[in-house]
Every structure is written in C-alpha cells, then in structure tokens.
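Participant: Just so you know, the protein sequences line up as chains U and D, in that order.
According to the numbering used here, the first sequence is numbered sequentially starting from 5.
According to the numbering used here, the second sequence is numbered sequentially starting from 41.
Ideal Cβ positions, reconstructed from N, Cα and C, are used throughout, including at glycine.
Because the structure is a prediction, the values reported are computed rather than measured.
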Amino acid sequence: DTGVSQDPRHKITKRGQNVTFRCDPISEHNRLYWYRQTLGQGPEFLTYFQNEAQLEKSRLLSDRFSAERPKGSFSTLEIQRTEQGDSAMYLCASTDGPGGGSYNEQFFGPGTRLTVL
Amino acid sequence: SQQGEEDPQALSIQEGENATMNCSYKTSINNLQWYRQNSGRGLVHLILIRSNEREKHSGRLRVTLDTSKKSSSLLITASRAADTASYFCAKSQGGSEKLVFGKGMKLTVNP
C-alpha cells in the first residue's frame with residue numbers, strides 16, 4: 005500500500021539549526037499540502053502545491069519556512085533558524101480529486117514530529 | 041484562527057454505547073469532513089458531507105449537516121475500544137484549497 009510517506013518521523017534539533025522534511029505523496033496525486041499540528045490542537049494549514057506550483061501559503065509560513073515541490077512529485081519543507089515555537093507535528097497530505105483538494109478527501113501521511121531544544 | 045469547533049472536547053463511554061460529537065462553524069462551507077487521529081499518528085478520513093447534503097452514512101458512522109444552524113454531528117454507533125482516538129471536523133470554504141480544522145474531540149471507549 006503506497007500511501008503518503010514522510011521522512012524523518014522524528015527530528016530533534018537545537019535552536020538555531022536548519023531542518024528539512026520530505027513528503028512523498030500518493031503516486032499521481034497532483035495536489036500536496038503541508039499542515040502543522042501542535043499538542044492538543046487541530047492541524048493548521050501551511051501551504052499547498054498543485055503539481056510544482058505553490059499556489060497558496062498561510063500567514064503562519066514565516067520567511068524562515070520554505071517549501072518546494074520540484075517536478076511535481078515529492079515535496080520538502082525547510083525551516084531555517086529553528087525556534088522552540090516551531091516544535092510541532094508537520095503533516096503532509098495529498099489528493100487528486102476533481103474540483104480541488106478541499107472538495108475531496110485529503111490523504112495524510114504519518115507526520116514528522118519536530119522537537120526544538 | 042481555527043473554526044469548526046468540536047463539542048464536547050472529551051468523551052468517555054463504554055464499549056457498545058453510541059458516541060455523538062458536534063461541530064459548529066461560523067462561515068459558509070463547501071463541505072465538511074470528519075477525520076480520526078490515533079495518538080501521535082496521521083489523520084484518517086472518515087466522511088465528507090457536502091453543503092447540499094443533510095446526512096451520510098458509512099458503516100457505523102452517521103454524519104448530519106444543518107447549514108441553517110451551521111453545525112454538523114458525527115454519530116458512532118456500537119462503539120469499540122478501537123474507536124478510541126481524537127476526532128476532528130474540518131471545513132472547506134470558498135475557493136481555498138485548505139481545510140480548516142477544529143481543536144478536536146478525544147473519545148475514549150472503555151472495554
């Protein structure tokens with residue numbers, strides 16, 4: 005079963021370091037999403053790609069955050085100069101339904117848990 | 041800010057009982073989706089109900105939508121210990137691709 009995969013599953017880093025996460029969507033899904041989830045809260049939208057184009061970004065995505073999806077396949081999310089407030093679960097989702105991703109089920113990966121010390 | 045708030049925030053029941061979760065929202069929606077999340081894991085999609093639908097079923101799950109009251113409910117019948125998880129409602133609105141999640145409701149089903 006080739007669902008959405010994310011790597012690494014866990015990341016511990018020191019404040020000020022850069023980290024990069026990878027997401028591999030379900031094959032042939034053209035829409036890919038990043039969300040962030042802090043303890044006791046629901047996921048919050050960060051950004052959205054349709055193929056390789058980044059079409060929507062949340063105000064949560066500060067200039068320390070950058071996401072890419074080269075060639076419209078896997079995606080990376082980089083956080084520069086990490087802060088303790090960046091500690092969270094980073095979730096990736098993909099979909100390929102007609103009418104747009106929010107009109108259809110989004111398939112989520114297992115997430116990358118980031119801890120910034 | 042998050043919309044799509046679940047109520048109650050926590051619910052503890054015995055196996056075999058029904059569990060009802062409610063979700064309210066503030067602005068008009070395209071659809072409302074329910075997801076389940078086991079502790080520390082990713083989200084699993086349960087049901088999507090569109091704004092022109094009033095009720096949907098999937099196995100032991102029943103979702104209703106009342107757009108006049110801007111609310112939805114998720115009913116889990118004959119609950120099992122394996123249903124223990126956090127449940128989230130998420131709404132889509134306008135032309136945005138994002139889903140807006142509530143804070144979630146933690147369901148505990150005791151064997």
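Could you list which residues in chain D have their beta carbon closer than 8 Å to that of residue 58 (chain U), in chain order?
Facilitator: Neighbours of residue 58 (chain U) on chain D: none; closest Cβ ~11 Å, over 8 Å.
Participant: Have a look at the DSSP bridge pairing and note the partners of residue 54 (chain D).
Facilitator: Its beta-bridge partners are D:150.
Participant: Quick check on the DSSP output: the beta strand (DSSP E) that includes residue 28 (chain U) runs from which residue to which?
Facilitator: 23-28
Participant: If distances are taken between C-alpha atoms only, which option among U:62, U:86, U:52 comes closest to residue 141 (chain U)?
Facilitator: Since the first residue of chain U shown is 5 and the last is 121, residue 141 (chain U) is not available in this structure.
Participant: Let me check understanding here. Comparing Cα to Cα, which of U:85, U:62, U:40 lies closest to residue 114 (chain U)?
Facilitator: U:40
Participant: What is the DSSP secondary structure of residue 10 (chain U), reduced to helix, strand or coil?
Facilitator: strand
Participant: Using only the alpha-carbon positions, how far apart do residue 129 (chain D) and residue 103 (chain D) sit?
Facilitator: 11 Å
Participant: When Cβ atoms are compared, which residues of the stretch 82-97 of chain U fall closer than 7 Å to chain D?
Facilitator: 95
Participant: In three-state terms, what does DSSP make of residue 12 (chain D)?
Facilitator: Chain D is shown from 41 up to 151; residue 12 (chain D) falls before or after that span and cannot be answered.
Participant: Mark residue 77 (chain D) as exposed unless 16 or more other C-beta atoms lie within 10 angstroms of its C-beta, in which case mark it buried.
Facilitator: buried
Participant: For residue 47 (chain D), which of helix, strand or coil comes out of DSSP?
Facilitator: strand
Participant: Residues in the same chain with beta-carbon distance under 7 Å from residue 42 (chain D), minus the five sequence neighbours each way, listed in chain order, please.
Facilitator: Because the pLDDT at residue 42 (chain D) is just 48, under 50, the model does not fix this residue reliably, and the value given afterwards should be weighed accordingly. Closer than 7 Å at Cβ, skipping near neighbours: 140, 141, 142, 143.
Participant: Residues of chain D with CB under 7 Å from residue 115 (chain U), in chain order?
Facilitator: Chain D residues near residue 115 (chain U): 82.
Participant: Beta-carbon of residue 88 (chain D) versus every beta-carbon of chain A: anything under 8 Å?
Facilitator: Of the chains in the structure shown, none is chain A; the protein chains are U and D.
Participant: Alpha carbon to alpha carbon, what distance is there between residue 113 (chain D) and residue 90 (chain D)?
Facilitator: 13 Å
Participant: For a quick check, are the C-beta atoms of residue 84 (chain U) and residue 22 (chain U) less than 8 Å apart?
Facilitator: yes
Participant: Who are the Cβ neighbours of residue 148 (chain D) in its own chain at under 8 Å, not counting the five residues just before and after it?
Facilitator: 50, 51, 52, 53, 124
Participant: Counting along the chain, where does the beta strand (DSSP E) carrying residue 240 (chain D) start and finish?
Facilitator: Lying before the first or after the last residue shown, residue 240 (chain D) is absent from chain D, which here runs from 41 to 151.
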